[in-house]
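Numbering (this note's numbering), first residue to last: 16 to 320.
Cβ coordinates follow ideal geometry from the N, Cα and C atoms, glycine included.
First the structure, in the form of structure tokens, and then the observations on it.
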């Protein structure tokens with residue numbers, strides 16, 4: 016049944032393409048995706064078409080609403096019939112503050128076929144992990160085979176890294192196979208996002224692993240967090256900076272400062288009805304400015320307030 020569903024999607028896409036009088040190359044160029052992706056979808060090598068890709072193809076082919084709905088339904092049937100329980104990223108523990116635009120920008124990159132590796136860079140405590148969690152949540156529906164979350168902070172060495180990624184995707188090592196071979200073999204036909212959190216101490220190992228995975232797994236996207244870039248050709252670097260601090264010492268200034276919002280939000284986790292008392296505005300401004308808007312430092316200060 017799964018094979019029939021997959022063939023049905025590929026056949027339907029091919030039929031619409033031929034009716035439009037387009038080659039695979041022409042469709043790929045107009046849709047802004049790779050010709051390999053179009054070929055893989057039509058031939059059944061990409062088993063779970065992403066929702067964003069399906070809609071882009073439908074728009075490019077000029078499909079009507081009924082045809083679009085049919086293509087989407089067949090794509091959903093393919094995804095549902097092909098996979099078991101998809102891995103998920105952890106749910107964010109606290110709401111994202113002051114980074115909605117950054118979250119949406121990174122999510123938009125990961126939805127495009129031309130951007131397969133995005134690295135969030137910045138100093139420790141700036142909020143890279145929190146942003147990555149928010150991005151993963153934002154794009155969850157675009158990766159039907161799931162999101163593998165690999166926390167690397169406590170790992171040491173390339174072998175531990177590979178094992179962590181395999182575990183994140185639920186890959187089991189086959190007897191006689193190296194972990195990396197089992198990993199690439201089992202995720203080769205999947206549309207998944209891999210999040211590598213805290214890469215800096217394993218930068219070379221991460222770069223080597225990501226380079227191989229991107230080469231062998233056409234449907235894979237990678238979101239990395241690191242204090243330094245991975246230095247791969249496919250990499251798009253998005254610096255993560257401190258939150259803007261209040262410009263003045265009045266209550267209105269606090270209202271427009273993400274750093275001040277973060278302080279109040281974290282304080283309310285400890286004291287639910289916490290408010291900045293009249294006259295305390297300068298003190299909060301001073302805290303945010305002295306901590307340079309660094310989220311982790313602000314959270315620790317709020318916990319001591």
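Hey, residue i and residue j: beta-carbon distance below 8 Å or not?
i: residue 308; j: residue 274; result: yes
i: residue 255; j: residue 208; result: no
i: residue 190; j: residue 152; result: no
i: residue 193; j: residue 179; result: no
i: residue 143; j: residue 240; result: yes
i: residue 280; j: residue 110; result: yes
i: residue 105; j: residue 161; result: no
i: residue 128; j: residue 52; result: yes
i: residue 169; j: residue 221; result: no
i: residue 311; j: residue 238; result: no
i: residue 232; j: residue 203; result: yes
i: residue 136; j: residue 205; result: no
i: residue 282; j: residue 317; result: yes
i: residue 258; j: residue 214; result: no
If I'm right that residue i touches residue j with Cβ under 8 Å, what's the distance once you round it to whole angstroms?
i: residue 260; j: residue 304; result: 5 Å
i: residue 236; j: residue 131; result: 5 Å
i: residue 322; j: residue 157; result: Beyond the ends of the chain as shown, which are 16 and 320, falls residue 322; an answer cannot be given.
i: residue 48; j: residue 71; result: 7 Å
i: residue 212; j: residue 147; result: 6 Å
Using a 10 Å radius around the Cβ and a threshold of 16 neighbouring Cβ atoms, would you call residue i buried or exposed?
i: residue 159; result: buried
i: residue 2; result: Lying outside 16 to 320, the shown extent of the chain, residue 2 is not represented and no answer is given.
i: residue 298; result: exposed
i: residue 30; result: exposed
i: residue 163; result: buried
i: residue 90; result: buried
i: residue 187; result: exposed
i: residue 38; result: exposed
i: residue 57; result: buried
i: residue 145; result: buried
Have a look at residue i and residue j and give me their C-alpha separation to the nearest angstrom.
i: residue 268; j: residue 306; result: 17 Å
i: residue 198; j: residue 44; result: 31 Å
i: residue 34; j: residue 184; result: 38 Å
i: residue 408; j: residue 78; result: Residue 408 lies beyond the residue range present for the chain, which begins at 16 and ends at 320; the question has no answer from this structure.
i: residue 138; j: residue 244; result: 12 Å
i: residue 277; j: residue 288; result: 15 Å
i: residue 319; j: residue 296; result: 17 Å
i: residue 246; j: residue 230; result: 16 Å
i: residue 150; j: residue 26; result: 33 Å
i: residue 264; j: residue 314; result: 20 Å
i: residue 301; j: residue 262; result: 10 Å
i: residue 85; j: residue 113; result: 39 Å
i: residue 121; j: residue 294; result: 39 Å
i: residue 42; j: residue 141; result: 41 Å
i: residue 253; j: residue 217; result: 19 Å
i: residue 54; j: residue 46; result: 13 Å
i: residue 116; j: residue 290; result: 27 Å
i: residue 32; j: residue 123; result: 25 Å
Taking 7 Å as the cut-off, is the CB of residue i close to at least one heavy atom of the ligand MG?
i: residue 190; result: With respect to the ligand MG, the structure offers nothing, as it holds no ligand at all.
> Which residue spans inside the stretch 107-185 form an unbroken beta strand (DSSP E) run of at least 3?
Replying inline: 132-136 and 162-166
>> As an exercise, report each continuous alpha helix (DSSP H) stretch of at least 4 residues that is fully enclosed by the stretch 23-72, in chain order.
In response: 39-46 and 50-58
>> Restricting to runs no shorter than 3 residues, where is the beta strand (DSSP E) found entirely within the stretch 242-317?
In response: 250-254
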